[in-house]
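Working notes, beginning with the structure itself.
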Amino acid sequence: MEELKSWDWQYGQTPEFTYDLERVFPWGRVTLQLRSKHGVVLDCAPIVSDLKNPQLNADHCLHELASSLVGQRYGFFQFGQPSGQSEAQGTIRQDLEAWIVNETS
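Residue numbers (this note's numbering): 192 to 296.
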């Protein structure tokens, strides 16, 4: 039964698939398309729309985060430290990370 709990059993043998996520945050709408094969993210296409405050640069935060997901194991994402973000951008990044983890776990 332990084998059934392993990452390799749950994700590692999966065929290629695409998972579309969408959510409206207080600062804008986000769509993320994750393409995965054998449990590894091959591509991650982000779209940010309806930004409430374009100066927050939420699209940059999302693109940076999406790039970091490529090559990682699906459902077990490790997020690196963001580069030079303001407090508001840090909040956006935290929102995005929590959302992705919640949707893919």
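Idealized CB from N, CA, C, for every residue including glycine.
| Asked | Found |
| --- | --- |
| Contacts around T364, its chain only, beta-carbon distance under 6 Å, and the 5 residues preceding and following it disregarded | Examination of residue 364 is not possible in this model, given that the chain is present from 192 through 296 alone. |
| From Q272, L247, P245, E255, residue whose alpha carbon lies closest to that of P237 | E255 |
| Environment of A289 [buried if 16+ CB atoms lie within 10 Å] | exposed |
| Collapsed DSSP secondary structure at D250 in the structure displayed | helix |
| Short Cβ contact (8 Å threshold) for R220 with T209 | no |
| Three-way DSSP call (helix, strand, coil) for T205 in this model | coil |
| Near the ligand GTP: E213 beta-carbon under 7 Å from a heavy atom | Judged by which ligands are present, the structure shown has none, so any question about the ligand GTP falls away. |
| Test item: CB-CB of C235 and I283 under 8 Å | no |
| CB of S258 within 8 Å of CB of G271, strictly | no |
| Status (buried if at least 16 other CB within 10 Å, exposed otherwise) for V239 | buried |
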